[in-house]
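In what follows, a single structure is set out as structure tokens and then discussed.
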Amino acid sequence: MADVAYSVNLAVSAGALAFNASSGRVTSNLATTGILAVTLNLGTATQAISTAALSSLGLCYARSLTTTTTHTVSFGRISGTTLFDVVRLRAGDAAVLRLAPGNYAAKAAVEGSRLLVQILEE
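Going by the numbering used here, the first residue of the sequence shown is number -14, and it counts up by one from there.
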């Protein structure tokens, strides 16, 4: 039995546009067992996400805990002080992605926005 199983479903219905896509029961086995879970209180400045406790980066779940619908939080790779956004989440949005080795950070459009980040070792 796989250590990790997840599914992604997407349904779009906007005017004449209708689209459905799904990836059911995607699985993965973990060579290392561990998880980093952190809730960040973000401002408009880039904030590094320390992954030093993990021996390797794997699957990542990120969710905006922001409740104001006009606020966004961004998450992605950082090089020096430059954040290269990979994910931009609106209030309540979530994303699942597999991380490549490297340094990561996040920032918000508005001070006091919160982001939950959970990263599995792999």
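Where a beta carbon is used, it is the ideal one built from N, C-alpha and C, also for glycine.
The three-state reading of DSSP puts D70 in strand, counting E and B together. By a beta-carbon distance limit of 8 Å, N5 contacts A(-4). Their separation comes to about 5 Å. DSSP places L(-5) inside the beta strand (DSSP E), whose first and last residues are V(-11) to A(-1). G61 sits in a strand when the DSSP states are folded into three classes. One alpha carbon belongs to I34, the other to R48, and they sit about 14 Å apart.
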